[in-house]
Amino acid sequence: MKRPEPVQVVKERRDRALAALVGGIPYVRTVGIAFERRGDELTALLPFREENVGNPVLPALHGGVTAAFLETAALIGLAWAALWDGVEGGRIDAASLTPDRLPPMPKTIDLTIDYLRVGLPRDAYARARVTRSGRRYASVFVEAWQDNRARPFAQATGHFLMPPPDG
Amino acid sequence: MEEDDPRMRTARQFIDAIPHASALGMTVRAVGTGRVVVDMPWDERLIGDPARGVIHGGAVSALMDTTGGAAVISHDEAPLATATLGLRIDYMRAARPGEAIRAEAEVYHMTRHVAFVRATATDGGEGPVATATGTFTVERAPGGTRGSRGS
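Protein chains in written order, with the working numbering: chain A, 1 to 167; chain B, 1001 to 1151.
As structure tokens, then:
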């Protein structure tokens, strides 16, 4: 039986792949979105910032920021699932991955957002689930919450166009 | 549409009061009854695809949502405030690098509690960059006076 790889090697490879995927998108930095990884599971983080406020009276998160957050979580989640298979399957060398040397990203076709509650002026989290992953099209469901995981403040489903397999 | 049009003032106040709209440089260009045109300048910070310099879909969504809300606030029935209930965005094509994006939203139906909105985003190129339909809450003043706040 093959010996398992040392844990540091595995972690470093996966974290490098994730950093390359997320690090190259200026808008993700502008809004302040970050990603945490547990195995292959990603959680998107949206730290609270004054410039993400939409209603200064309440105050509440801007619906557009929420939309952007959900879309980013869905898109990165989908790209990550594909990248994970490539890196873990040995087809993609994580050591060679940089933001400008990534497989092409899926493209958003549409996104349908449900605003369930007011987004409070505090950190938000989101997780995406790829509900269908075809050769050409994919469907993703994404849910965002704040204090209470069981009480999401927004959710969305989206369709995405997958890049051609040979890049 | 005159600069001193009260609807223009209302729409401008609505957008200017939103920190995120200011952060993205959104400006109201025109207002009618339940109709608003908002521009968002191209900005490196909003890029989603660095290889092509294309604005991130999320920034387009933020523009659509803001413009939709401003259209609701600019309706003749003068809601005091509004919040997005649902928004569906279709992305037709990548926005052209270096070009401002213009969103135009209209309230095509309004009930006591809900406003139904359509919006289109263009960049001067052929056909829309994106279209959206949304439902927004309608929060009415008890006395029916015009308000200027909300999102």
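Beta carbons are placed, not taken as given, at the ideal position from N, Cα and C, and that holds for glycine.
### Task
State the beta-bridge partners of Ala34(A) as determined by DSSP.
Here residue 34(A) refers to the residue found at position 34 when the first sequence is read from its first residue. Leu45(A), per the DSSP bridge assignment.
### Message
Buried or exposed for Arg14(A), going by 16 or more other Cβ atoms inside 10 Å?
### Response
Against the first sequence, residue 14(A) aligns to sequence position 14. Counting Cβ neighbours within 10 Å, Arg14(A) comes out buried, since at least 16 surround it.
### Task
Compute the Euclidean distance between the alpha carbons of Ala94(A) and Tyr115(A), then round it to the nearest angstrom.
Mapped onto the first sequence, residue 94(A) falls at position 94. Mapped onto the first sequence, residue 115(A) falls at position 115. Rounded to whole angstroms, Ala94(A) to Tyr115(A) spans 37 Å at the Cα level.
### Query
Hey, quick one: how far does the beta strand (DSSP E) through Trp145(A) stretch, first residue to last?
Along the first sequence, read from residue 1 onward, the residue named residue 145(A) stands at position 145. Tyr137 to Trp145 is the extent of the beta strand (DSSP E) around Trp145(A).
### Message
Please state the DSSP three-state secondary structure of Ala126(A).
### Response
Here residue 126(A) corresponds to residue number 126 of the first sequence, with the count starting at 1. The answer is strand: DSSP assigns Ala126(A) an E or B state.
### Task
Check whether the Cβ of Ile1018(B) lies closer than 7 Å to any Cβ atom in chain A.
In the second sequence, the residue the question calls residue 1018(B) occupies position 18. By this cut-off, Ile1018(B) is an interface position.
### Message
Could you check whether Pro1041(B) and Gly1025(B) sit closer than 7 Å to each other, using their CB atoms as the reference points?
### Response
Within the second sequence, the letter at position 25 stands for residue 1025(B). Within the second sequence, the letter at position 41 stands for residue 1041(B). Yes. Within cutoff.
### Message
Could you compute how far the alpha carbon of His1020(B) sits from the alpha carbon of Arg1045(B)?
### Response
Here residue 1020(B) corresponds to residue number 20 of the second sequence, with the count starting at 1. Here residue 1045(B) corresponds to residue number 45 of the second sequence, with the count starting at 1. Their Cα atoms are separated by approximately 13 Å.
### Task
Work out the CA separation of Met1110(B) and Gly63(A) for me, nearest whole Å.
The residue you call residue 63(A) lines up with position 63 of the first sequence. The residue you call residue 1110(B) lines up with position 110 of the second sequence. When rounded, the distance between both Cα atoms is 20 Å.
### Task
At 3 residues or longer, and completely inside the region 1076-1115 of chain B: list those beta strand (DSSP E) runs for me, N to C.
1084-1091 and 1101-1110
### Query
Rounded to a whole number of angstroms, what is the C-alpha to C-alpha distance between Phe1116(B) and Ile33(A)?
Your numbering for residue 1116(B) matches position 116 in the second sequence. Your numbering for residue 33(A) matches position 33 in the first sequence. Computed Cα separation, rounded: 30 Å.
### Task
Can you pull the chain B residues whose beta carbon is under 9 Å from the beta carbon of Gly23(A), in chain order?
Stepping through the first sequence from its first residue, residue 23(A) is reached at position 23. Those do not exist, as Gly23(A) stays about 10 Å from chain B at its closest Cβ, beyond 9 Å.
### Query
Looking at the structure shown, is Ile25(A) part of a helix, part of a strand, or coil, going by DSSP?
The residue you call residue 25(A) lines up with position 25 of the first sequence. Residue state, collapsed to three classes: coil.
### Query
Does the distance from the C-beta atom of Ser1074(B) to that of Ala1141(B) stay below 7 Å?
Locating residue 1074(B) in the second sequence gives position 74, where the first residue counts as 1. Locating residue 1141(B) in the second sequence gives position 141, where the first residue counts as 1. Contact: no.
### Task
Leaving aside the five residues before and after Val1037(B) along the sequence, list all residues of the same chain whose C-beta is less than 6 Å from its C-beta, in chain order.
Counted from its first residue, the second sequence places residue 1037(B) at position 37. So the qualifying residues of the chain are Arg1029, Ala1030 and Glu1104.
#### Entry: Proximity to Asp110(A) [Cα-Cα], best of Val65(A), Thr157(A) and Ala150(A)
Here residue 110(A) refers to the residue found at position 110 of the first sequence. Considering only alpha carbons, the answer is Thr157(A).
### Task
Within its chain, find whatever has a CB closer than 6 Å to the CB of Ile92(A); leave out the 5 residues flanking it on each side and keep chain order.
By one-based count along the first sequence, residue 92(A) stands at place 92. Correct list, in chain order: Gly86.
### Task
Please report how far the alpha carbon of Glu1099(B) lies from the alpha carbon of Gly1124(B), in whole angstroms.
The sequence position of residue 1099(B) within the second sequence is 99, counting from 1. The sequence position of residue 1124(B) within the second sequence is 124, counting from 1. So the alpha carbons of these two residues sit roughly 8 Å apart.
### Task
Would you check whether the ligand FAD has a heavy atom nearer than 6 Å to the C-beta of Asp100(A)?
Ligands in the displayed structure: none, and consequently the ligand FAD is not present.
### Query
Does the distance from the C-beta atom of Leu1087(B) to that of Thr1137(B) stay below 7 Å?
By one-based count along the second sequence, residue 1087(B) stands at place 87. By one-based count along the second sequence, residue 1137(B) stands at place 137. No, these two residues do not count as a Cβ contact at 7 Å.
### Query
Where does Asn52(A) fall in DSSP's three states?
Within the first sequence, residue 52(A) is the residue found at index 52, counting from 1. Asn52(A) falls in the helix class under three-state DSSP.
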